[in-house]
Amino acid sequence: MRELYLKAPAKINLALHVKGLREDGFHELQMIMQSISLADRIKLKKKSGGIIVKNSHTELPTGRENLAYQAAEIFFKNNPEINQGVEIYIEKNIPIAAGLAGGSTDAAAVMKGLYLLFELEYDLKELRSFLENIGSDVPYCLEGGTVYASGRGEILEELPFIGEKYLVVVTPAFKISTPEVYKLYDQIKGYDKFDFDSVQNNLKNDQEIDWELDYKNDLKKAAEKICPEIKEIKDIFKNTKAEFTMLSGSGPTVFSIYSSRELAEKAAARWPRKNDFVTVAKTVPSY
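At position 209 of the sequence shown (counting the first as 1) the number is 209 in UniProt numbering, and the numbers step up by one without a gap.
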């Protein structure tokens, strides 16, 4: 096999709870993560040596600061018998720095894809351990689906798939810094506490979801203070027959869930803010 094509799906956070600050400086989290059909497309091609990253987006780095590049470095370091290199091309469909794990999912797809390209067996647990230092979302992105994540996001427990749900995903042009959101959260924390164990158990037992009652994001207020456009987007969604609206991760992306594709497409088609990234997607199971 000389080349391989892959999809790298985005993820959303259906719920995010910050339990506190850890000794290592990271935050202890509880999250429900869900992969969606919005995805980057990646091409891996064997070459004589070295790593080259190319992409369709001018803002995306192509050197070591790119997570996909780092994943490839780890692969070759752990498989020294491979005497070839790889060219990685990323067709970027997921907005950058949007709370959708765009960089993380590219890294996970590249790592998994390189084992397939060079026809090597792999252990998923081992791959997760390789990747957890690249980014907290990267281990999750190896398989996606509906997952309970804890720790920094690297401790994963698979949950039953919530089923096919249609959503509208909106990302404003405003860029938001994840460390800045967490720093502000630490200053204004003490709100939106909820029984996360109950949420987790309801999903495990395939019980009916009460979106508004059970699913929250502790980072919402901090993110809205930094980027007021988030609240404006959520207010627009209120008039679109959405079942549920939520900030994904630390933002700035906001998504809404609809009971049908038709309602989601209608909401997206009538979206009034012209500079936003707007797309219709659906939830997808593990891959």
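Ideal Cβ positions, reconstructed from N, Cα and C, are used throughout, including at glycine. Everything numeric in this text was worked out from a predicted model, so none of it was measured.
So, is residue i buried or exposed, given that buried needs 16 or more other C-beta atoms within 10 angstroms?
i, result
"residue 217", "buried"
"residue 120", "exposed"
"residue 133", "exposed"
"residue 79", "exposed"
"residue 196", "buried"
"residue 203", "buried"
Could you tell me how far apart the beta carbons of residue i and residue j are, in whole angstroms, since I believe they sit closer than 8 Å?
i, j, result
"residue 100", "residue 220", "The Cβ separation is near 16 Å, so there is no contact."
"residue 169", "residue 255", "5 Å"
"residue 40", "residue 94", "5 Å"
Just curious, the beta strand (DSSP E) that residue i is in, first and last residue?
i, result
"residue 42", "27-47"
"residue 50", "From DSSP, residue 50 is part of no beta strand (DSSP E); its letter is neither H nor E."
"residue 136", "Careful: residue 136 lies outside any beta strand (DSSP E) and carries neither H nor E."
Please go through the same chain and pick out, in chain order, the residues whose beta-carbon is closer than 7 Å to the beta-carbon of residue i, but skip the five residues on each side of it.
i, result
"residue 140", "11, 33, 147, 149, 153 and 156"
"residue 262", "none"
"residue 312", "No information on residue 312 is available, as it lies outside the stretch 1 to 287 that the chain covers here."
"residue 224", "230 and 231"
Note down the Cα distance separating residue i from residue j, rounded to an integer number of angstroms.
i, j, result
"residue 165", "residue 244", "11 Å"
"residue 4", "residue 47", "13 Å"
"residue 97", "residue 177", "8 Å"
"residue 260", "residue 82", "48 Å"
"residue 240", "residue 232", "14 Å"
"residue 50", "residue 38", "30 Å"
"residue 105", "residue 66", "12 Å"
"residue 246", "residue 257", "9 Å"
"residue 144", "residue 36", "9 Å"
"residue 142", "residue 206", "24 Å"
How is the alpha helix (DSSP H) around residue i delimited, first residue to last?
i, result
"residue 236", "229-237"
"residue 69", "67-78"
"residue 127", "124-131"
"residue 183", "178-188"
"residue 226", "220-226"
"residue 198", "196-204"
"residue 115", "102-117"
Counting only the same chain and skipping the five closest in sequence on each side, list residues whose C-beta sits under 8 Å from that of residue i.
i, result
"residue 54", "62, 87, 88, 89 and 90"
"residue 59", "96"
Near residue i, which residues of its chain fall below 6 Å by C-beta distance, leaving aside the five closest residues on each side in sequence?
i, result
"residue 138", "104, 107, 108 and 131"
"residue 28", "19, 20 and 22"
"residue 14", "32, 34 and 215"
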